[in-house]
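2 protein chains.
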Amino acid sequence: MCPPGVLRHVHQALSRRDLFKLGAGAALAGAFPAATRAQAARTLRFANLRVAHVQDLTHPLSPRFPVFPAYEPMRVTKLFDVEADGFFANRWDLAEHTGTHLDAPAHFIANGVAADGLEPESLLAPVAVIDLRERAAADPDTALGVDDLTAWEAEHGPLPDGAAVFLYSGWDARAGDARAFLNADAEGTLHFPGFSPEAAAFLVSERRIVGVGVDTPSLDIGAATRFDAHVAVLGAGLWGLENLANLGRLPPLGATVFVGAPAVAGASGGPARVLAVWS
Amino acid sequence: MCPPGVLRHVHQALSRRDLFKLGAGAALAGAFPAATRAQAARTLRFANLRVAHVQDLTHPLSPRFPVFPAYEPMRVTKLFDVEADGFFANRWDLAEHTGTHLDAPAHFIANGVAADGLEPESLLAPVAVIDLRERAAADPDTALGVDDLTAWEAEHGPLPDGAAVFLYSGWDARAGDARAFLNADAEGTLHFPGFSPEAAAFLVSERRIVGVGVDTPSLDIGAATRFDAHVAVLGAGLWGLENLANLGRLPPLGATVFVGAPAVAGASGGPARVLAVWS
Numbered sequence: 010m011c012p013p014g015v016l017r018h019v020h021q022a023l024s025r026r027d028l029f030k031l032g033a034g035a036a037l038a039g040a041f042p043a044a045t046r047a048q049a050a051r052t053l054r055f056a057n058l059r060v061a062h063v064q065d066l067t068h069p070l071s072p073r074f075p076v077f078p079a080y081e082p083m084r085v086t087k088l089f090d091v092e093a094d095g096f097f098a099n100r101w102d103l104a105e106h107t108g109t110h111l112d113a114p115a116h117f118i119a120n121g122v123a124a125d126g127l128e129p130e131s132l133l134a135p136v137a138v139i140d141l142r143e144r145a146a147a148d149p150d151t152a153l154g155v156d157d158l159t160a161w162e163a164e165h166g167p168l169p170d171g172a173a174v175f176l177y178s179g180w181d182a183r184a185g186d187a188r189a190f191l192n193a194d195a196e197g198t199l200h201f202p203g204f205s206p207e208a209a210a211f212l213v214s215e216r217r218i219v220g221v222g223v224d225t226p227s228l229d230i231g232a233a234t235r236f237d238a239h240v241a242v243l244g245a246g247l248w249g250l251e252n253l254a255n256l257g258r259l260p261p262l263g264a265t266v267f268v269g270a271p272a273v274a275g276a277s278g279g280p281a282r283v284l285a286v287w288s
Numbered sequence: 010m011c012p013p014g015v016l017r018h019v020h021q022a023l024s025r026r027d028l029f030k031l032g033a034g035a036a037l038a039g040a041f042p043a044a045t046r047a048q049a050a051r052t053l054r055f056a057n058l059r060v061a062h063v064q065d066l067t068h069p070l071s072p073r074f075p076v077f078p079a080y081e082p083m084r085v086t087k088l089f090d091v092e093a094d095g096f097f098a099n100r101w102d103l104a105e106h107t108g109t110h111l112d113a114p115a116h117f118i119a120n121g122v123a124a125d126g127l128e129p130e131s132l133l134a135p136v137a138v139i140d141l142r143e144r145a146a147a148d149p150d151t152a153l154g155v156d157d158l159t160a161w162e163a164e165h166g167p168l169p170d171g172a173a174v175f176l177y178s179g180w181d182a183r184a185g186d187a188r189a190f191l192n193a194d195a196e197g198t199l200h201f202p203g204f205s206p207e208a209a210a211f212l213v214s215e216r217r218i219v220g221v222g223v224d225t226p227s228l229d230i231g232a233a234t235r236f237d238a239h240v241a242v243l244g245a246g247l248w249g250l251e252n253l254a255n256l257g258r259l260p261p262l263g264a265t266v267f268v269g270a271p272a273v274a275g276a277s278g279g280p281a282r283v284l285a286v287w288s
């Protein structure tokens, strides 16, 4: 890393032959990592962690990703180019609530905990997936209610302490089409599923969770005129995740989620890399 | 989430009494999550994962965080305010190589894999920490060499397949002071530790790693006039992490790192949330 002038010189000095001498780094490109990855996919063994499945729950983020009406889409500007400068780098200009992203308590709560203030322990959690896809397909205004939580528990047992509770509505399939994803009617009211205020209140008061997530653009349903689910979750100092992807690939229980929340000081949230693992 | 006008109304409608009725979300703020976290700190049990330690390896990112001379510091602009708008959100303007961040192959390699193209499996890795702090304190131009890798292996055994190899130089303690962190001399040459080109080449050709990391601003040493360590690692399709924090708190072997790499389409890298766990 260096100012462009220096790098241009460096790039010219670094011939293909140099690359080859450097442990055949360039020659191995593609082939070696592919082998590593194939092996990794079979079994990842760490100290005490056996992982058979790694599932990305993150949408690729780009200027085309749909944003809530309050925000403008992300802008990406190229700063440097491999050919011209020896290296490639962009600048980003984006609102914190863009793409698959975290809501920190500070998003709705004055003096609430910001993104960088969340305890690292709360970013690692057993995941409960509540499948509302069938109801969401029939009624985009459907909300995850207390009954859905108790029905899930009747089938899978009590929500684990420290759980992340994710609402799977199937909405991630619409993310490529902003109109379908936000699903506004003629009056501008949005229509997509979310948590009911009662379910959010139940989770923060009757269970010991660390956060909630949705595959839609908002913790509250799109047609909500208040933001009670947001306020219940964030008001309890917990986190929310919006625009999650691929929740349908997770087991209802048994996966562990890593929330790669942004560590931006004082942030109300921000794009997050979210991965789930299970055995 | 909604345009400001609507939210202002909503915010006014949502009285303290409403908050209390919502499962005492606000009343519980602080107290409840603290209890959850205290419990989490004692033992985090998932499907097959026992975690006694969760260590954040990420510096808080802000406009004050030192950036490489090629880039400008991050800018943060407040878009909405809880008091005025009912919710709080910022906009960020930042170069991809800001804060604790990922270098994707595309950063130095034309048509290399971008940040969003890295295999999710490669973002979860057993960590080897090579402690060079003593030498770095005596000589900021010191480089991690092949001898350091073989010495580490003599003590801890072969580098695990799929490992992330992190250089711990103690440089993270300087991150609050841009001058000390970049450590430029009168001619503008930077002085901080990094990987030697030979060590980088050895790792990608003789071992099966997924990536490397440093607690300094660059994979190559600051005084390097070429970027051979970058090119060796990124040319092999692997990732790099720069500006890591708290590597001194990890065991030399036994931790698993989760790299919350940005999923920005086509990115050369970007700020990453990096967490390590071990039992």
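Residue numbers (the working numbering), protein chains in the order written: chain A, 10 to 288; chain B, 10 to 288. Idealized CB from N, CA, C, for every residue including glycine. Just so it is clear, the structure is predicted and the values come from calculations on it, not from any experiment.
Give the single residue among the options whose Cα lies nearest to the Cα of residue i.
i	options	result
Gly7 of chain B	B:Pro202, B:Ala137, B:Leu168 and B:Pro271	Any property of residue 7 of chain B remains undetermined from this structure, which presents chain B solely from 10 to 288.
Val138 of chain A	A:Pro261, A:Val268, A:Val286 and A:Glu164	A:Pro261
Ile250 of chain A	A:Arg100, A:Val266 and A:Arg235	For clarity, residue 250 of chain A is Leu in the given sequence; the question names Ile instead. Taking only the C-alpha atoms, the option nearest Leu250 of chain A is A:Val266.
Glu215 of chain A	A:Ala187, A:Asp229, A:Leu228 and A:Pro167	A:Pro167
Ala187 of chain B	B:Phe74, B:Pro69 and B:Gly269	B:Phe74
Ala113 of chain A	B:Ala184, B:Asn99 and B:Met83	B:Asn99
Ala189 of chain A	A:Leu212, A:Tyr177 and A:Ala146	A:Ala146
Arg235 of chain A	A:Thr198, A:Gly179 and A:His68	A:Thr198
Trp180 of chain B	B:Met83, B:Gln64, B:Gly257 and B:Ala233	B:Gly257
Asp194 of chain B	B:Ala184, B:Ala182, B:His165 and B:Pro149	B:Pro149
Gly121 of chain B	B:Leu228, B:Asp229 and B:Ala241	B:Ala241
Ala229 of chain B	B:Gln64, B:Arg84, B:Val85 and B:Phe175	First, the residue type needs correcting, since residue 229 of chain B is Asp and not Ala in the sequence shown. Nearest C-alpha to Asp229 of chain B: B:Phe175.
Just checking my contact of residue i with residue j at CB under 8 Å: how many whole Å lie between their CB atoms?
i	j	result
Val223 of chain A	Leu253 of chain A	7 Å
Leu141 of chain A	Phe204 of chain A	Wrong, their Cβ atoms sit about 10 Å apart, outside the cutoff.
Leu66 of chain B	Asn255 of chain B	5 Å
Ala115 of chain B	Phe89 of chain A	That pair is no contact at about 12 Å.
Val76 of chain A	Pro82 of chain A	5 Å
Leu111 of chain B	Ala124 of chain B	6 Å
Ala185 of chain A	Gly269 of chain B	The sequence as given places Gly at residue 185 of chain A; Ala does not occur at that position. About 24 Å separates the two Cβ atoms, so there is no contact after all.
Between the C-alpha atoms of residue i and residue j, what's the straight-line distance to the nearest angstrom?
i	j	result
Ala47 of chain B	Gly231 of chain B	Its pLDDT being 38, under 50, Ala47 of chain B is placed unreliably in this model, and the value from its coordinates should be taken loosely. Going by the C-alpha atoms only, they are around 41 Å apart.
Leu191 of chain A	Pro226 of chain A	7 Å
Arg282 of chain B	Pro78 of chain A	27 Å
Trp101 of chain B	Pro72 of chain B	10 Å
Ala163 of chain A	Glu130 of chain A	28 Å
Leu284 of chain A	His62 of chain A	10 Å
Tyr80 of chain B	Glu143 of chain B	30 Å
Glu128 of chain A	Phe117 of chain A	18 Å
Phe201 of chain B	Leu247 of chain A	39 Å
Trp287 of chain A	Gly95 of chain A	40 Å
Glu92 of chain B	Ala119 of chain A	8 Å
Val136 of chain A	Thr151 of chain A	22 Å
Ala238 of chain A	Gly244 of chain B	47 Å
Tyr177 of chain B	Tyr177 of chain A	41 Å
His165 of chain B	Gly263 of chain B	10 Å
Ala134 of chain B	Ala233 of chain B	28 Å
Val60 of chain A	Glu196 of chain A	47 Å
Val273 of chain B	Gln64 of chain B	25 Å
Leu182 of chain B	Val213 of chain A	According to the sequence shown, residue 182 of chain B is Ala rather than Leu. One C-alpha to the other measures close to 37 Å.
Lys87 of chain B	Lys87 of chain A	24 Å
Trp161 of chain B	Trp161 of chain A	49 Å
Ala22 of chain A	Arg84 of chain A	Because the pLDDT at Ala22 of chain A is just 35, under 50, the model does not fix this residue reliably, and the value given afterwards should be weighed accordingly. Each residue's Cα considered, the two are about 34 Å apart.
Comparing the CB of residue i with every heavy atom of the ligand SAH, is any distance shorter than 6 Å?
i	result
Leu176 of chain B	For the structure depicted, the ligand SAH is absent and the ligand set is empty, with no information on it obtainable.
Contact between the region 104 to 118 of chain B and the region 271 to 280 of chain B (3+ Cβ pairs under 8 Å): At 8 Å Cβ cutoff, the stretches touch.
Given 8 Å, three or more beta-carbon pairs between the region 161 to 173 of chain B and the region 214 to 226 of chain B: Counting Cβ pairs under 8 Å, three or more are found: they touch.
Those runs of the alpha helix (DSSP H) which lie wholly inside the region 157 to 231 of chain A and span at least 4 residues: Contiguous alpha helix (DSSP H) elements confined to the region 157 to 231 of chain A occur at 187 to 191 and 206 to 215, taking only those with 4 or more residues.
The region 194 to 211 of chain A / the region 151 to 167 of chain A touching (three or more Cβ pairs under 8 Å): With a cut-off of 8 Å, the region 151 to 167 of chain A and the region 194 to 211 of chain A count as touching, because enough Cβ pairs lie within range.
Secondary structure, alpha helix (DSSP H): runs of 4+ residues fully inside the region 229 to 254 of chain A: DSSP runs (the alpha helix (DSSP H)) wholly in the region 229 to 254 of chain A: 237 to 244.
Minimum length 3: unbroken beta strand (DSSP E) runs contained in the region 123 to 156 of chain B: Listed in chain order, the beta strand (DSSP E) elements of length 3 or more contained wholly in the region 123 to 156 of chain B are 133 to 140.
Runs of alpha helix (DSSP H) wholly within the region 69 to 132 of chain B (minimum 4 residues, chain order): Correct list: 91 to 94.
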